[in-house]
Structures are given as C-alpha cells and as structure tokens.
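A.B. asks: One structure follows; several queries about it will come next.
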Amino acid sequence: MLFRLVAVTLLLALPLVTLSAQIDDSETLPGETVGSDFYNSTYGAIGIHLSMLSGTGLSGRVTFPNRLAVQTSTFVIAIGGITHFNIGGELQYAFTQGDGGRLFALAGVGFYSSTSDEPEKPGNRIASPFHAGAGVGYEWFTSRNLTLDLAVPITWFVEEGKVLPLPSVSMHYYFK
8 MLFRLVAVTL LLALPLVTLS AQIDDSETLP GETVGSDFYN STYGAIGIHL
58 SMLSGTGLSG RVTFPNRLAV QTSTFVIAIG GITHFNIGGE LQYAFTQGDG
108 GRLFALAGVG FYSSTSDEPE KPGNRIASPF HAGAGVGYEW FTSRNLTLDL
158 AVPITWFVEE GKVLPLPSVS MHYYFK
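Numbered according to the working numbering, the sequence shown terminates at residue 183, and the numbering increases by one at each position without gaps.
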C-alpha cells in the first residue's frame with residue numbers, strides 16, 4: 008500500500024518538475040557522428056546485444072583510439088522456477104572507422120545457463136553452456152550517437168563440438 012501511495016504521489020508531482028539535459032557543446036566534433044572522433048578519443052556505449060557467441064541482454068562497450076573496443080553483455084531472469092542467465096564479452100579491432108561506422112573483427116566468449124529449482128532436474132539444462140568464436144561485423148551510425156551493429160561470428164559450442172555461423176545484432180548509444 009505504501010508503495011502505491013509513493014508511486015501515485017510521484018506521478019502527480021511529475022508535471023511540476025522541469026528537467027533539462029546537460030549538454031556540453033564546448034567541443035565540436037569534426038564530422039556528423041561521434042565515429043569521426045574514434046581515432047582521437049575514448050568513448051563508452053550502452054545498449055542491447057543479441058548473440059549466441061558473446062551474451063544476450065544489456066551491453067556496455069568502450070572504444071579506444073587505438074582501434075580496439077571491449078564489450079560485455081549479460082542478462083538474468085527467473086520465470087516459473089527456472090533461472091536463465093548469460094554473460095559474455097568481445098574484443099573488437101576496427102579495420103576502418105569513421106563518420107558512417109566501422110568495420111571490425113571480433114573474438115568473443117560466452118556462458119549460458121538455465122537452471123531449475125526442482126530437485127529432480129538439477130544443474131544447467133543447456134547442453135553446451137560455453138561458447139567461443141570469432142568473426143567480422145559492421146557498425147552503422149543511425150544518428151550522431153546511436154549505432155546498429157550486425158556481425159557474423161563463427162560460434163563454437165565447446166562441449167558439443169558444433170561450429171556454426173550465427174549472426175549477432177546490437178544497438179548502442181555512444182557517450183564521452
């Protein structure tokens with residue numbers, strides 16, 4: 008009951024509050040997107056990543072001026088007594104990067120888990136929870152800070168020994 012009262016109070020007070028973004032316009036970038044500044048500055052990015060290689064879920068990325076980028080992704084949810092979890096990461100090297108986007112090579116790993124709280128079904132239900140692989144991808148700038156990535160890594164399902172080319176897709180927002 009207390010939670011509902013606080014929520015209603017905040018919703019009623021919201022129109023009375025004016026919020027403004029703090030924008031630093033003291034430094035202008037040479038191009039139309041932050042990609043034009045990748046050779047000069049380090050950028051962070053947050054977003055969503057969908058991959059059978061290097062994790063699915065919330066993602067963070069750091070892009071360095073030396074063409075390297077590091078990305079991590081994770082997600083956890085519990086539904087009906089089953090907990091689904093994954094975590095992964097990628098190391099990316101940009102062949103080209105600029106105002107329009109970047110072409111990159113990637114190497115990544117991931118761990119996937121689906122466990123039940125039922126005693127008759129213990130342990131991870133995923134047959135091959137460890138994944139590793141490498142591939143290529145391209146990141147397009149759809150606006151000044153927002154990108155859409157498409158990559159095709161060759162994914163190795165370690166325990167099963169299967170190797171498959173499985174595409175991955177991401178959306179990230181860059182900031183400095």
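Glycine included, every Cβ here is placed at the ideal spot set by N, Cα and C.
Beta-carbon within less than 7 Å of residue 134's beta-carbon, same chain only, minus the 5 sequence neighbours each way: which residues are those?
C.D. replies: On the sequence shown, position 127 is the one that residue 134 refers to. Same-chain partners within the cutoff: 166 and 167.
A.B. asks: Whose C-beta lies closer than 8 Å to the C-beta of residue 141 among residues of the same chain, with five residues either side of it excluded?
C.D. replies: Position 134 of the sequence shown, counted from the first residue, corresponds to residue 141. These residues qualify, in order along the chain: 112, 113, 114, 115, 160 and 161.
A.B. asks: Are the region 90 to 107 and the region 59 to 67 touching by the rule of at least three beta carbon pairs closer than 8 Å?
C.D. replies: Cβ pair count under 8 Å is three or more, so yes.
A.B. asks: Going by DSSP in three states, residue 66 sits in which element: helix, strand or coil?
C.D. replies: Here residue 66 refers to the residue found at position 59 of the sequence shown. It is a strand residue.
A.B. asks: Measuring alpha carbon to alpha carbon, tell me which of 119, 83 and 68 ends up nearest residue 60.
C.D. replies: For the purposes of this step, residue 60 is taken as the residue at position 53 of the sequence shown. When only C-alpha atoms are compared, the closest one is 119.
A.B. asks: So the candidates are 179, 132 and 58; which of them puts its Cα closest to the Cα of residue 185?
C.D. replies: There is simply no residue 185 to check, as the chain begins at 8 and stops at 183 in what is shown.
A.B. asks: So, helix, strand or coil for residue 28, using DSSP?
C.D. replies: Counting from one through the sequence shown, the residue named residue 28 turns up at place 21. Here residue 28 scores only 48 on pLDDT, less than 50, and its place in the model is too uncertain to base an answer on.
A.B. asks: What are the uninterrupted segments assigned as beta strand (DSSP E) that are 3 or more residues long and contained completely in the region 89 to 139, given in chain order?
C.D. replies: Fully enclosed beta strand (DSSP E) runs of 3 or longer: 89 to 104 and 108 to 123.
A.B. asks: Would residue 52 and residue 145 qualify as a contact pair, given that the criterion is a beta-carbon distance under 8 Å?
C.D. replies: In the sequence shown, residue 52 corresponds to position 45, counting from 1. In the sequence shown, residue 145 corresponds to position 138, counting from 1. Taking 8 Å as the Cβ cut-off, residue 52 and residue 145 do not qualify as a contacting pair.
A.B. asks: Does DSSP put residue 169 in a helix, in a strand, or in coil?
C.D. replies: If you number the sequence shown from 1, residue 169 lands on position 162. Three-state result, residue 169: strand.
A.B. asks: To the nearest angstrom, how far is the alpha carbon of residue 103 from that of residue 138?
C.D. replies: For this step, residue 103 is matched to residue 96 along the sequence shown. For this step, residue 138 is matched to residue 131 along the sequence shown. For residue 103 and residue 138, the distance between alpha carbons rounds to 27 Å.
A.B. asks: State the beta-bridge partners of residue 50 as determined by DSSP.
C.D. replies: Within the sequence shown, residue 50 is the residue found at index 43, counting from 1. Looking at the DSSP assignment, residue 50 forms a beta bridge with 70.
A.B. asks: Measure the alpha-carbon distance for residue 126 versus residue 86 and round it to whole angstroms.
C.D. replies: To locate residue 126, count along the sequence shown from 1; it is residue 119. To locate residue 86, count along the sequence shown from 1; it is residue 79. Cα to Cα, the separation comes out at about 16 Å.
A.B. asks: Measure the alpha-carbon distance for residue 152 versus residue 40 and round it to whole angstroms.
C.D. replies: Taking the first residue of the sequence shown as position 1, residue 152 is located at position 145. Taking the first residue of the sequence shown as position 1, residue 40 is located at position 33. Whole-angstrom Cα-Cα distance: 6 Å.
A.B. asks: Assuming the contact rule is C-beta atoms closer than 8 Å, residue 132 and residue 123 should be a hit. Round their C-beta distance to whole Å, please.
C.D. replies: Taking the first residue of the sequence shown as 1, we reach residue 132 at position 125. Taking the first residue of the sequence shown as 1, we reach residue 123 at position 116. Indeed they touch by this definition, with Cβ atoms about 7 Å apart.
A.B. asks: For residue 125, decide whether its Cβ has a neighbour in chain B, counting only Cβ atoms nearer than 8 Å.
C.D. replies: Given the protein chain composition of this structure (a single chain), no chain B is represented.
A.B. asks: Rounded to whole angstroms, what's the CA-CA distance from residue 30 to residue 50? Just pull it up for me.
C.D. replies: Indexing the sequence shown from 1 puts residue 30 at position 23. Indexing the sequence shown from 1 puts residue 50 at position 43. Reliability of the predicted coordinates at residue 30 is poor, the pLDDT of 48 falling under 50, and the value obtained from them is presented with this limitation in mind. Distance between the alpha carbons of residue 30 and residue 50: 16 Å.
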